[in-house]
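Right, one structure below, let's go through it.
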Amino acid sequence: MTQQQDWVPPGIDTTTPSSARTYDCLLGGAHNFQADREAAVQAEKIMPGIRDVARLNRAFLGRVVRSMMAEGVRQFLDIGSGIPTVNNVHQVAERIDPECRVVYVDRDPIAVAHSRLILAANERAAIVHADFHDPDEIFASPEARRLLDLDEPVGVLMVALLHWIPDGDRPTELLAEYRRRVPVGSYLAISHLSSDQRAERIDSAVGMFNRAKGRDQATTRTYDEVEAMFGDFELIEPGLVGCALWRPGGPGDISDDPDANAQIYGGVAKKTR
Numbered sequence: 006m007t008q009q010q011d012w013v014p015p016g017i018d019t020t021t022p023s024s025a026r027t028y029d030c031l032l033g034g035a036h037n038f039q040a041d042r043e044a045a046v047q048a049e050k051i052m053p054g055i056r057d058v059a060r061l062n063r064a065f066l067g068r069v070v071r072s073m074m075a076e077g078v079r080q081f082l083d084i085g086s087g088i089p090t091v092n093n094v095h096q097v098a099e100r101i102d103p104e105c106r107v108v109y110v111d112r113d114p115i116a117v118a119h120s121r122l123i124l125a126a127n128e129r130a131a132i133v134h135a136d137f138h139d140p141d142e143i144f145a146s147p148e149a150r151r152l153l154d155l156d157e158p159v160g161v162l163m164v165a166l167l168h169w170i171p172d173g174d175r176p177t178e179l180l181a182e183y184r185r186r187v188p189v190g191s192y193l194a195i196s197h198l199s200s201d202q203r204a205e206r207i208d209s210a211v212g213m214f215n216r217a218k219g220r221d222q223a224t225t226r227t228y229d230e231v232e233a234m235f236g237d238f239e240l241i242e243p244g245l246v247g248c249a250l251w252r253p254g255g256p257g258d259i260s261d262d263p264d265a266n267a268q269i270y271g272g273v274a275k276k277t278r
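Just so you know, our numbering puts the end of the sequence shown at 278, numbered straight through with nothing missing.
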């Protein structure tokens, strides 16, 4: 029996895939296990180009941060931030303004452990070990209380998060609580797996992952269902679109495969009242 890697927190089940670690694998990261790699391989067999889809989603995150900063946002709440990889939110933001503040939130212990290592010397960014389902815990955390000024606009990021929240957990109601807590002028960014773009292929890949019986179970949603998640926030141009089509800035932001560009919806909305 090989010794478990020293970067793995005690008690972690490495035999079933997790969404954060499988996503890390699809992005070419190293903090994943055999079960995660097998899930990624199987997903790619069912849905060729899924690695490209993951890359496009990550590029969407960077564009969203830069667009919010162009509107004056200087603090971010990134929920479901995942395993740290290149172009994290604080890295994108600090290139524009080193005074920006970022609070990451994730429930995956490995994502949290690595984030703490990366952010140990950074006074303007921190990670909270918490769950989307508990906004009270997130906003009351020492990290959020120290870094977020709720009298100023906040950029709330839920990128590739909400398709891991089943309908039975009332994600739309929980989102309303997040929207309520941030001030006018704040923004909400969402990217979400679609169920009405190449639905058969996406549903097959999602079904394979769900059958692996990991903690994370995915739920795809229609355009209208994703749009409703923004509530009374006003979508900014170009609205809710395939995430690669949201303000692409160059060839790396968009794929030659039209399907890859549309399989994850992406949008940003502003709180105006």
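By construction, the Cβ of each residue, glycine as well, lies at the ideal position given by its N, Cα and C atoms.
Quick check on S23: does DSSP put it in helix, strand or coil?
Reading the sequence shown from its first residue, position 18 is the one you call residue 23. In the structure shown, S23 sits in coil (DSSP, three-state: anything other than H, G, I, E or B).
Where does D141 land, buried or exposed, given buried means 16+ other C-beta within 10 angstroms?
Along the sequence shown, read from residue 1 onward, the residue named residue 141 stands at position 136. The residue is exposed, with fewer than 16 neighbouring Cβ atoms inside 10 Å.
Can you tell me whether DSSP reads L61 as helix, strand or coil?
In the sequence shown, the residue the question calls residue 61 occupies position 56. Reduced to three states, the DSSP call for L61 is helix.
Using a Cβ-Cβ cut-off of 8 Å (strictly less than) and excluding sequence neighbours within five positions of T227, which residues of its own chain qualify?
Your numbering for residue 227 matches position 222 in the sequence shown. S199, S200 and D201, listed in sequence order.
With three or more C-beta pairs closer than 8 Å as the rule, is the segment 182-201 touching the segment 61-79?
yes
Quick check: R63 and N92, are their CB atoms within less than 8 Å of each other?
Numbered from its first residue, the sequence shown carries residue 63 at position 58. Numbered from its first residue, the sequence shown carries residue 92 at position 87. Closer than 8 Å, so yes.
Along the chain, where does the beta strand (DSSP E) that runs through A116 open and close?
The residue you call residue 116 lines up with position 111 of the sequence shown. Taken as a continuous stretch (DSSP letters only), A116 belongs to no beta strand (DSSP E), being part of the alpha helix (DSSP H) at P114 to L124.
Taking L152 as part of the alpha helix (DSSP H), name the residues at either end of that continuous run.
Mapped onto the sequence shown, residue 152 falls at position 147. P147 to L152 is the extent of the alpha helix (DSSP H) around L152.
Taking Cβ positions, are I88 and H119 nearer each other than 8 Å?
The residue labelled residue 88 in the question sits at position 83 within the sequence shown. The residue labelled residue 119 in the question sits at position 114 within the sequence shown. Their beta carbons are under 8 Å apart, which means I88 touches H119 by this criterion.
If you draw a straight line from the C-alpha of R252 to the C-alpha of G271, how long is it?
Position 247 of the sequence shown, counted from the start, is the residue given in the question as residue 252. Position 266 of the sequence shown, counted from the start, is the residue given in the question as residue 271. Whole-angstrom Cα-Cα distance: 10 Å.
To the nearest angstrom, how far is the alpha carbon of P147 from that of C105?
To locate residue 147, count along the sequence shown from 1; it is residue 142. To locate residue 105, count along the sequence shown from 1; it is residue 100. Cα-Cα distance, rounded: 18 Å.
The beta strand (DSSP E) that contains A194, what's its start and end?
Along the sequence shown, read from residue 1 onward, the residue named residue 194 stands at position 189. It spans Y192 to L198 - the beta strand (DSSP E) in which A194 sits, taken as one unbroken run.
Would you identify the three-state DSSP class for A135, choosing helix, strand or coil?
On the sequence shown, position 130 is the one that residue 135 refers to. It is coil, neither helix nor strand.
Please look up how many angstroms separate the CB atoms of L66 and V161, rounded, as I've assumed it's under 8 Å.
Position 61 of the sequence shown, counted from the first residue, corresponds to residue 66. Position 156 of the sequence shown, counted from the first residue, corresponds to residue 161. Not a contact, Cβ separation roughly 13 Å.
Distance check for I132 and V117, CA to CA, integer angstroms please.
Residue mapping note: residue 117 aligns to position 112 of the sequence shown, counting from 1. Residue mapping note: residue 132 aligns to position 127 of the sequence shown, counting from 1. Those two C-alpha atoms are separated by around 6 Å.
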